[in-house]
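Student: Residues in the sequence shown are numbered consecutively from 4, following this note's numbering.
Even for Gly, the Cβ is constructed at its ideal location relative to N, Cα and C.
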Amino acid sequence: MQKFTAYIKLARPHQWVKNGFIWLPIFFGYRLSDKQAIFGTLGAFIAFCLAASVVYVLNDIKDIQEDRRHPLKKFRPLASGALSSSEATLFFIALLIISIVFSSIILNKSVLILLAFYLLLNFAYSFKLKHISIIDIVCISTGFVLRIFAGGMAANIWISPWIVLMIFLLALFLALAKRRDDLLVVSTGHNPRKSIDGYNLEFVNLAMVMMASVIIVSYILYTVSPEVVDKHGTDKLYLTALWVIVGILRYMQIAFVHKNSSSPTLIILKDLFMQVVVVAWLLHFYMLIYLFREN
């Protein structure tokens with residue numbers, strides 16, 4: 004039973020929440036009641052969850068020595084010794100085969116190509132790109148953009164450039180916050196990880212503030228743009244900017260005051276404040292575009 008639990012932890016299913024971005028296209032594309040779109044999106048979601056676990060297992064295999072020196076990551080299955088490198092390698096191969104077979108059966112060609120690119124990008128990230136500053140966070144952000152496009156292609160929905168831009172910017176912001184946490188770990192005397200080469204607290208702090216500002220401005224411009232107002236039939240979308248601003252302020256509070264921005268996923272899953280903000284934003288947006296459309 005302990006081995007089974009270790010394998011589950013190695014796959015990191017809690018990180019699958021990131022693939023929730025795949026569902027955004029059917030939300031903004033008014034396809035929530037379209038069974039075919041829902042089925043296609045669900046298939047893409049499962050495929051990306053499997054692929055994400057493949058990547059996480061590979062990362063843990065590659066970073067086992069660094070993880071053993073980390074105050075928190077040393078408790079991961081490989082770093083702690085709960086699983087051996089050979090067991091993790093076999094698990095990686097099995098997950099990869101399952102991911103390929105499932106995706107080949109379920110996904111259409113366009114989404115399959117995106118998934119293949121997602122895997123190749125993350126393999127390159129694990130072996131080399133994670134050690135190149137700025138390129139590393141761009142790779143992470145690109146992964147989120149690929150999820151958006153996968154959701155759109157799975158449901159046959161056109162993706163707005165506004166959504167692509169804001170998801171990319173938000174992912175950059177979150178990646179910078181994670182790098183900031185890595186830097187704080189180094190400041191406590193633990194051995195540095197190669198992934199923070201080229202960063203320091205001053206640079207990351209300034210970059211986070213800059214990205215937060217750009218995200219807020221971009222979101223407001225999105226909500227008042229004529230094409231968006233015409234598509235959604237309401238000029239009240241700017242009101243939802245409140246939740247975006249509060250959410251970013253809360254995340255910066257977690258990063259700068261509480262100094263605990265190591266895992267965006269765990270913050271969303273455990274921080275009640277952030278959960279309320281995300282749900283409130285979704286409900287507010289839903290009411291404006293589905294219930295109170297003006298035309």
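For R15, which of helix, strand or coil comes out of DSSP?
Tutor: R15: coil per DSSP, three-state reduction.
Student: Here's the rule I'm using: 16 or more other beta-carbon atoms within 10 Å means buried, otherwise exposed. How should R296 be labelled?
Tutor: With fewer than 16 Cβ atoms within 10 Å of its Cβ, R296 is classed as exposed.
Student: Taking only the alpha-carbon atoms, compute the straight-line gap between L210 and L179 and give it to the nearest angstrom.
Tutor: According to the sequence displayed, residue 210 carries Ala and not Leu. Near 7 Å, if we compare the C-alpha coordinates of L179 and A210.
Student: Report the residue from R183, L173, M214, T44 whose alpha carbon sits nearest the alpha carbon of L204.
Tutor: The shortest Cα separation from L204 among R183, L173, M214, T44 belongs to R183.
Student: Work out the CA separation of V281 and L240 for me, nearest whole Å.
Tutor: C-alpha separation (whole angstroms): 15 Å.
Student: Measuring CB to CB, does M169 end up less than 9 Å from I103?
Tutor: No, they are not a contact pair.
Student: Note down the Cα distance separating R233 from Y225, rounded to an integer number of angstroms.
Tutor: Here residue 233 turns out to be Asp, not Arg, going by the sequence shown. When rounded, the distance between both Cα atoms is 12 Å.
Student: Under 8 Å, with one C-beta from each stretch per pair, do the region 30–44 and the region 57–69 reach the 3-pair mark?
Tutor: The region 30–44 is not in contact with the region 57–69.
Student: Cutting at 8 Å between CB atoms, please list the residues of its own chain near L269, excluding the five before and the five after it.
Tutor: Closer than 8 Å at Cβ, skipping near neighbours: H17.
Student: Please state whether DSSP places A127 in a helix, a strand or coil.
Tutor: Helix at A127.
Student: Between the region 256–272 and the region 53–68, are three or more C-beta pairs nearer than 8 Å?
Tutor: With a cut-off of 8 Å, the region 53–68 and the region 256–272 do not count as touching, because too few Cβ pairs lie within range.
Student: Pop quiz: I162 and F152 are said to be a contact at Cβ under 8 Å. What is the actual Cβ separation, rounded to whole angstroms?
Tutor: Indeed they touch by this definition, with Cβ atoms about 6 Å apart.
Student: Taking Cβ to Cβ, would you say L1 is nearer than 9 Å to F126?
Tutor: For residue 1 there is no data in the structure shown, the boundaries of the chain being 4 and 298.
Student: Sort V207, W165, I251, F30 by Cα distance to E230 and report the nearest one.
Tutor: Minimum Cα distance to E230 is reached at W165.
Student: Thinking C-alpha only, which one of L245, F276, S56 is nearest R253?
Tutor: With distances taken between Cα atoms, R253 lies closest to F276.
Student: Does the beta-carbon of V220 have 16 or more other beta-carbons within 10 angstroms, so that it is buried, or is it exposed?
Tutor: The residue in question, V220, is exposed, as its Cβ has fewer than 16 Cβ neighbours within 10 Å.
Student: Return the chain-ordered list of same chain residues with a C-beta closer than 8 Å to the C-beta of F259, the five sequence neighbours on each side being excluded.
Tutor: Excluding sequence neighbours, F259 sits near N208.
Student: Quick check: what's the CA-CA separation for I138 versus T145?
Tutor: Answer to the nearest angstrom: the Cα atoms are 10 Å apart.
Student: Given V249, which residues of its chain have a CB within under 7 Å of its CB, disregarding the five upstream and five downstream residues?
Tutor: Hits under 7 Å: V280.
Student: Would you tell me roughly how many angstroms separate the C-alpha atoms of R181 and C142, rounded to the nearest one?
Tutor: A small fix is needed here, since residue 181 is Lys in this sequence, not Arg. If I take the Cα positions, the gap works out to 14 Å.
Student: Which parts of the region 152–222 are runs of the beta strand (DSSP E), unbroken and 3 residues or longer, counting only runs that do not cross its ends?
Tutor: Runs of the beta strand (DSSP E) inside the region 152–222: none found.
Student: Give the straight-line distance between the Cα atoms of R150 and I101, rounded to the nearest whole angstrom.
Tutor: Cα to Cα, the separation comes out at about 19 Å.
Student: Give me the Cα-Cα distance between W19 and K12, rounded to the nearest whole angstrom.
Tutor: The alpha-carbon atoms of W19 and K12 are separated by roughly 12 Å.
Student: So what does DSSP say about T44, is it helix, strand or coil?
Tutor: Reduced to three states, the DSSP call for T44 is helix.
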